[in-house]
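Student: Taking the numbering used here, the leading residue of the sequence shown gets 1288, the next gets one more, and so forth.
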Amino acid sequence: MLSKKTKYGLKALTFLASQPDREPVQIAEVAKQENISQKFLESILLTLRRNGFLGSKKGKGGGYYLIKEPKDIQMTSVMRVLEGPIAMVPCVSLNFYEKCDDCPNEGVCSVNKLMLKVRDANLEVYRNTTLADLIS
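1) I need the DSSP call for G1348, collapsed to helix, strand or coil.
2) Quick check: the Cα distance between G1349 and V1395, rounded to an integer number of angstroms?
3) If I follow the unbroken alpha helix (DSSP H) through K1326, where does it start and stop?
4) I need the DSSP call for V1376, collapsed to helix, strand or coil.
5) Taking all protein chains shown into account, do 16 or more other C-beta atoms lie within 10 angstroms of the C-beta of Y1384, making it buried, or fewer, making it exposed?
6) I think R1414 touches T1363, with their Cβ atoms under 8 Å apart; what is that distance to the nearest whole Å?
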């Protein structure tokens, strides 16, 4: 299940991408418009800023803004930053691989076979979806 952190992060990114001229938007406005707790949103936006999706400006007229074009923000990178590994089990993860303790042979493991298909299907959607697709 998608975490609230990821759900709210996607909503915030979509909101910021929809702003004319990509002017900075205060956290309070994003929180109000998207019905997200302001305190929780602060930590999500900070994560997105630290990972190169957002910039921030302090003072009057300040807030958060996109620093990349929406067409250049792939959902694979957003999902990995906010949600962590895309794979549901560590033995099929591309970036966070770990052998399962209870599995003597991945090659014949039914869970591994199924989760490879799930991972690949999810990756196909995330790789072929950008933030621009979500706002169009």
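We put the CB at the ideal spot given by N, CA and C, even for glycine. Here the structure is a predicted model, which is why all the values come from computation and not from measurement.
Tutor: Judging by the given coordinates:
1) In the sequence shown, residue 1348 corresponds to position 61, counting from 1. Here G1348 sits in coil by DSSP.
2) Looking up residue 1349 in the sequence shown gives position 62. Looking up residue 1395 in the sequence shown gives position 108. Going by the C-alpha atoms only, they are around 55 Å apart.
3) Taking the sequence shown and counting its residues from 1, one reaches residue 1326 at position 39. Q1325 to R1337 is the extent of the alpha helix (DSSP H) around K1326.
4) In the sequence shown, residue 1376 corresponds to position 89, counting from 1. The DSSP-derived three-state label of V1376 is coil.
5) Here residue 1384 refers to the residue found at position 97 of the sequence shown. Answer is exposed; the Cβ neighbour count stays below 16.
6) Position 127 of the sequence shown, counting from 1, holds the residue named residue 1414. Position 76 of the sequence shown, counting from 1, holds the residue named residue 1363. Rounded, the Cβ-Cβ distance is 5 Å, consistent with contact.
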